[in-house]
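Please read the structure below before turning to the comments.
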Amino acid sequence: MENEQVMPNPNSSNSNSNVNSHGRERINIDERIAKKQSRANGANDKFRNNFRASNKQIAVSSGEAIEDRLLYEASKDLEEQLLDQQYEAVFRANNRYVEMVNNAVAQLEAEEDEEARLLMEVGFMIATEKFWSLRKNHIL
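Heads up: the sequence shown runs through residues 204 to 343, numbered per the working numbering.
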């Protein structure tokens, strides 16, 4: 029994643990969002650098106002994409949580139904046994 592995209890709340109930590293939504923001900022910087390098003559001849406006619009587009991705990630996480709760409730209800059925079956068996016992003793 000393070598027996203990399965993690999904109902215990161990806030110090970085491992979920399946033994995998816990996913931190804030960290994932920060990483996506960092990647988006990096992509934004890369876009700015590429844009400036490849379109320098247009920017110079048309003025920096056009460049700033285009960069601003590109930046806004990237921000919108990031917000959409964040919304979708939170939406998927919420859906997974709702599904998990619904499955747990359904399982508990099924267990309750099975327990009630077994209790009724045992009660019927006891009543039948009592009936035959009384009949055998000529009480009924």
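For every residue, glycine included, the Cβ atom is placed at its ideal position computed from N, Cα and C. Just so we're clear, the structure is a prediction, and the values are computed from it rather than from any experiment.
request  = List the endpoints of the continuous alpha helix (DSSP H) containing SER278.
outcome  = Note, SER278: alpha helix (DSSP H), 267–339.
query = Would the segment 312–319 and the segment 277–286 be scored as touching if the rule is three or more Cβ pairs under 8 Å?
reply = no
ask   = Thinking just about the alpha-carbon of each residue, which of ARG338, HIS341 and ARG242 is nearest to the one in GLN288?
value = Nearest of ARG338, HIS341 and ARG242 to GLN288, Cα basis: ARG242.
ask   = Anyone know if the C-beta pair for ARG295 and LEU274 falls short of 7 Å?
value = no
key: Spatial distance of MET204 from LEU337 (CA atoms)   = The predicted position of MET204 is uncertain, since its pLDDT is 46 and thus under 50; a value taken from the coordinates is nonetheless stated next. About 48 Å.
ask   = When you compare only the Cα positions, how much space is there between GLN240 and GLN284?
value = 10 Å
task = Could you name the residues of the same chain whose beta carbon sits closer than 7 Å to that of ASP248, not counting the 5 residues immediately before and after it, in chain order?
result = The same chain holds no residue with a CB closer than 7 Å to that of ASP248 once the five nearest residues on each side in sequence are set aside.
ask   = Taking just the CA atoms, how far does ASN231 sit from GLU314?
value = 33 Å
query = Closest by CA to ALA237, which one among LEU286, ARG255 and LYS339?
reply = Nearest option by C-alpha distance: LEU286.
key: Separation of VAL301 from ALA307, as counted between CA atoms   = 10 Å
request  = Return the chain-ordered list of same chain residues with a C-beta closer than 6 Å to the C-beta of ASN223, the five sequence neighbours on each side being excluded.
outcome  = ARG229
inquiry  = Check for me: the alpha helix (DSSP H) holding GLY245 runs from which residue to which?
reply    = 232–257
message = For VAL325 and MET303, what's the separation of their Cα atoms in angstroms?
response = C-alpha of VAL325 to C-alpha of MET303: approximately 33 Å in a straight line.
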